[in-house]
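Novice: Can you read through this structure? Questions will come right after.
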Amino acid sequence: MDVDLLLSIAQIFAKVSVVSVGGISVMIPEVHRQVVELNEWMNNAQFASVFALSQVAPGPNILLMTLVGWRVAGWAGMAVATLATILPTTILSVLANRLENKLIHAKWYLVTKKSLPPLIVGLIFSSGMVTAKATGLDALGLLIVACVAAHFYFYKSNPLLSIMVSMVVGVVAGWAGIL
Amino acid sequence: MRNTTTTPPVGPFESRDVSLWNLFSGYVLVGLFGFGGISASMYFIAVEKRAWVTAEEYTTTLALGQVLPGPGLMNTCIIVADKFHGLKGVLLSLIGLLLCPILILLGLVTVYDHYAYLPEVQHATYAAAAASVGLIFGMGLKLGKAIIKRKSALLFMTCSFIAIGVFKWPLFETMLVLAAISIFVGYKEIE
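Here is the structure:
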């Protein structure tokens, strides 16, 4: 077992998680920067497949982190990546819950609640951009992105259904020689 | 079965009849039903199916969970579990939420690795990744529409996109600075 590797995974994931208000989708650019660009633990194609697989499986979005950990350092990597993402915010959540009545009337809480969403939206668009680049989208890929985004925006759609339909489109396009 | 009640719960959390098993098995279902994240399945189980909390309590908890850093919906799950069974409930809820999805995911990955050479599998994965990118943009558009009325919101949205998405600055340092400025401006706007 490579202890140094596990320690860097723990440090990277905990640090990402602690500043990512807005959930896992906000963490994608930094995880990509660390895992693909700085440490070169996987290439863009592998990152894109990890991203796609984590979206197809049921469960919390944190599975992306779990799977990155597994790909980089096996079972231990999986455990470390998952725990490093969850543990700091579990402690914060429990504390917040126990202080809730004091919290929700505090002015800084109200201000924070109002001030952070714009940053989160910017990060979500960043995630879209980073994953689009990592996937290396061609014209058909961009068309799928546009259709799914529009469908999600205008209708209350089931995400898995969009993914499934797109997968069928991908396979058929492959048979037809378009992909 | 008591579990399937849909009468809204009343009274303080400690007095509600939510056993450890009820909580744990509920979270197992939240994980298994959660496609594209657990926001819909958590609401379904916690409010509608198991009636642990009222819709109003859930909204407050959701807001608190999402102001905290980390996986927002999981924070909400942790907070709900803590209300009923403290740390023991938190631990069980995390295991319940993650265990089955992780096993399913690893099964899926093993099958994927085995057949990854097939062009059909490659094309399907490519399309799934493209669709997931589309979902991210769709979510960004939805959330963006809600906040865009404020000029400062548009400015901060653009700043965080350019810093992280275009320049790829380190998230930790960038967010500390941007969040501080954004909260400062928020204070000024309220005053």
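Those protein sequence lines, which keep their order, are chains F and D.
Under our numbering, the first residue of the first sequence carries the number 173, and numbering increases by one thereafter.
Under our numbering, the first residue of the second sequence carries the number 7, and numbering increases by one thereafter.
No residue lacks a Cβ here, since even glycine has one placed at the ideal position from N, Cα and C.
Helix, strand or coil, according to DSSP, for V193/F in the structure here?
Specialist: strand
Novice: Verify whether the separation of the beta carbon atoms of T257/F and S189/F is less than 8 Å.
Specialist: yes
Novice: For G37/D, which residues from the same chain have a beta carbon less than 6 Å from its beta carbon, with the 5 sequence-adjacent residues on both sides left out?
Specialist: Take G37/D, set aside five residues on each side of it, and the residues of its chain with a beta-carbon closer than 6 Å to its own are L103, C106 and P107, in chain order.
Novice: Near M199/F, which residues of its chain fall below 6 Å by C-beta distance, leaving aside the five closest residues on each side in sequence?
Specialist: V188 and S192
Novice: If the cut-off is 8 Å on Cβ atoms, which residues from the region 238 to 272 of chain F count as contacting chain D, listed in chain order?
Specialist: T238, L239, W242, M250, T254, T257, I258, P260, T261, T262, L264, S265, V266, A268, N269, R270 and E272
Novice: So for P15/D, helix, strand or coil by DSSP?
Specialist: coil
Novice: Comparing C-alpha positions only, which one of L74/D, G146/D and T82/D sits nearest to V53/D?
Specialist: Comparing Cα-Cα distances from V53/D to each of L74/D, G146/D and T82/D, the minimum goes to T82/D.
Novice: Given this structure, state the Cα-to-Cα distance separating P201/F from A186/F, to the nearest angstrom.
Specialist: 15 Å
Novice: Between F143/D and chain F, is there a C-beta pair that is closer than 8 Å?
Specialist: yes
Novice: Measuring CB atoms only, is the region 260 to 273 of chain F touching the region 88 to 100 of chain D, in the sense that at least three cross pairs come out at less than 8 Å?
Specialist: yes
Novice: Look at the Cβ atom of A137/D, then the Cβ atom of V320/F, and state whether they are nearer than 8 Å.
Specialist: In this structure, the beta-carbon distance from A137/D to V320/F falls below 8 Å.
Novice: Taking the alpha-carbon positions, what's the K279/F to A345/F distance?
Specialist: 54 Å
Novice: Taking the alpha-carbon of S299/F as reference, which of D176/F, L177/F, L178/F and A220/F has the nearest alpha-carbon?
Specialist: A220/F
Novice: Report the rounded CA-to-CA distance for A217/F versus M301/F, giving the unit in angstroms.
Specialist: 15 Å
Novice: For I51/D, I'd like the list of residues in its chain whose CB is within less than 7 Å of its CB, leaving aside the five on either flank, ordered along the chain.
Specialist: Hits under 7 Å: G32, L35 and V36.
Novice: Between G241/F and the rest of its own chain, which residues show a CB-CB distance below 8 Å, the 5 nearest in sequence each way excluded?
Specialist: I181, F185, G249, M250, A251, V252, A253 and T254
Novice: Who are the neighbours of Q183/F on chain D, taking C-beta pairs under 8 Å?
Specialist: Within chain D, no C-beta atom comes nearer than 8 Å to that of Q183/F; the closest sits roughly 11 Å away.
Novice: I need the straight-line Cα distance from P75/D to V283/F, nearest angstrom please.
Specialist: 16 Å
Novice: Check distances from the C-beta atoms of the region 191 to 206 of chain F to those of chain D and list, in chain order, the residues that come in under 7 Å.
Specialist: V191, S192, V193, G194, G195, I196, S197, P201, E202 and R205
Novice: Fully enclosed by the region 37 to 62 of chain D, which alpha helix (DSSP H) runs are 4 residues long or longer?
Specialist: 45 to 49
Novice: For I143/D, which of L210/F, G313/F, Y325/F and K305/F has the nearest alpha-carbon?
Specialist: A small correction: the amino acid at residue 143/D is Phe; Ile does not occupy that position in the sequence shown. Here the closest residue by C-alpha is Y325/F.
Novice: Indicate the three-state DSSP secondary structure (helix, strand or coil) for P75/D in the structure shown.
Specialist: strand
Novice: With DSSP as the reference, label W294/F as helix, strand or coil.
Specialist: Checking the sequence, you will find Gly at residue 294/F rather than Trp. Helix at G294/F.
Novice: If I measure Cβ to Cβ from G195/F and keep anything under 7 Å in the same chain, skipping five residues before and after, which residues do I get?
Specialist: N233
Novice: Between the region 124 to 134 of chain D and the region 333 to 345 of chain F, do at least 3 Cβ pairs fall closer than 8 Å?
Specialist: yes
Novice: Examine chain D for any beta-carbon lying closer than 8 Å to the beta-carbon of N216/F, and answer yes or no.
Specialist: At least 8 Å separates the CB of N216/F from every CB of chain D.
Novice: Leaving out five residues on either side along the sequence, give the residues of the same chain with a beta carbon under 7 Å from the beta carbon of S45/D.
Specialist: Beyond the five residues adjoining it in sequence on each side, S45/D comes within less than 7 Å, by CB distance, of L79 in the same chain, given in chain order.
Novice: Within 10 Å of its beta-carbon, does G92/D have 16 or more other beta-carbons around it, so buried, or fewer, so exposed?
Specialist: Counting C-beta atoms within 10 angstroms of its own C-beta, G92/D has fewer than 16 neighbours from the protein chains shown and is therefore classed as exposed.
Novice: Taking buried to mean at least 16 other C-beta atoms within 10 Å of its own C-beta, is Q183/F buried or exposed?
Specialist: exposed
Novice: Within 10 Å of its beta-carbon, does V86/D have 16 or more other beta-carbons around it, so buried, or fewer, so exposed?
Specialist: buried
Novice: What residue from A152/D, V139/D and Q128/D has the CA that sits closest to P289/F's CA?
Specialist: Taking the Cα of P289/F as reference, the smallest distance to any Cα among A152/D, V139/D and Q128/D is reached at A152/D.
Novice: Using a beta-carbon distance cut-off of less than 8 Å, what residues from the region 31 to 55 of chain D approach chain F?
Specialist: Residues are counted here when their Cβ sits less than 8 Å from a Cβ of chain F; for the region 31 to 55 of chain D these are G37, L38, F39, G40, F41, G42, G43 and I44, given in chain order.
Novice: Apply the 10 Å Cβ neighbour rule to E195/D and answer buried if 16 or more other Cβ atoms are within range, or exposed otherwise.
Specialist: exposed
Novice: Can you find a C-beta in chain F that's less than 8 Å from the C-beta of H129/D?
Specialist: yes
Novice: Between E272/F, A229/F and S287/F, which lies nearest to K89/D when the distance is taken from Cα to Cα?
Specialist: E272/F
Novice: Using the rule of at least 16 other Cβ atoms within 10 Å of the residue's Cβ for burial, across every protein chain shown, is S197/F buried or exposed?
Specialist: buried
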